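Asks:
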């Protein structure tokens, strides 16, 4: 029952859509809305991120718990909570798919996942004309 001290209820999958942005350093930031759960508050929710070159794949997995991997979290603002991920060395491949599952404090993982891809959502910033020309040369 609800009062037996055991939390067996998984959180909801993250709602909405994944926001993708590149910064001037070529880092890729993912942001999403917090999942709901019966016991775990949004700031304490953790997220597991899968990154792949094909839909539903998982070439690399990351966690917002901060344990390993290039996925770092900035949770200093109360509005951000733990629901963002910064890839400081993102894959160069143009097409990347991501899926995000919520994980509560008891370790329950959401059945569903929030999915999205960088296709059509983002473009790498071109910093100047010389860099654009360099990309053109390299594309042959």
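Numbering (the working numbering), first residue to last: 1183 to 1322. Yeah, the Cβ is synthetic: ideal placement off N, Cα and C, and Gly gets one too. Because the structure is a prediction, the values reported are computed rather than measured.
1. Below 8 Å between beta carbons: does that hold for residue 1290 and residue 1216?
2. Quick one: what's got a C-beta closer than 8 Å to residue 1242's C-beta in the same chain, skipping five residues either side?
3. Is residue 1300 buried or exposed, if buried means 16 or more other CB atoms sit within 10 Å of its CB?
4. In terms of alpha-carbon separation, which member of 1193, 1297, 1292 lies closest to residue 1279?
5. Would you call residue 1284 buried or exposed, if buried means 16 or more other Cβ atoms sit within 10 Å of its Cβ?
6. Thinking residue 1204 and residue 1210 are a contact (beta carbons under 8 Å), I'd like their distance in whole angstroms, please.
7. Terminal residues of the continuous beta strand (DSSP E) containing residue 1298?
8. Kindly identify the DSSP beta-bridge partner or partners of residue 1282.
9. Distance check for residue 1218 and residue 1224, CA to CA, integer angstroms please.
Replies: In this structure, then:
1. Here residue 1290 refers to the residue found at position 108 when the chain shown is read from its first residue. Here residue 1216 refers to the residue found at position 34 when the chain shown is read from its first residue. In this structure, residue 1216 does not lie closer than 8 Å to residue 1290 by Cβ.
2. Start at 1 with the first residue of the chain shown, and residue 1242 comes out as number 60. Only 1232, 1233, 1234, 1251 meet the Cβ criterion.
3. Counting from one through the chain shown, the residue named residue 1300 turns up at place 118. Result: buried.
4. Here residue 1279 corresponds to residue number 97 of the chain shown, with the count starting at 1. Looking at the Cα atoms, 1297 is the closest of the given residues.
5. What you label residue 1284 is simply residue 102 of the chain shown in a count that begins at 1. Buried, by the Cβ-count rule.
6. Working through the chain shown from its first residue, we reach residue 1204 at position 22. Working through the chain shown from its first residue, we reach residue 1210 at position 28. Confirmed, about 6 Å.
7. For the purposes of this step, residue 1298 is taken as residue 116 along the chain shown, with counting starting at 1. Counting along the chain, the beta strand (DSSP E) containing residue 1298 begins and ends at 1296-1299.
8. Indexing the chain shown from 1 puts residue 1282 at position 100. Bridge partners of residue 1282: 1231, 1296.
9. In the chain shown, the residue the question calls residue 1224 occupies position 42. In the chain shown, the residue the question calls residue 1218 occupies position 36. In a straight line, the C-alpha of residue 1224 is about 7 Å away from that of residue 1218.
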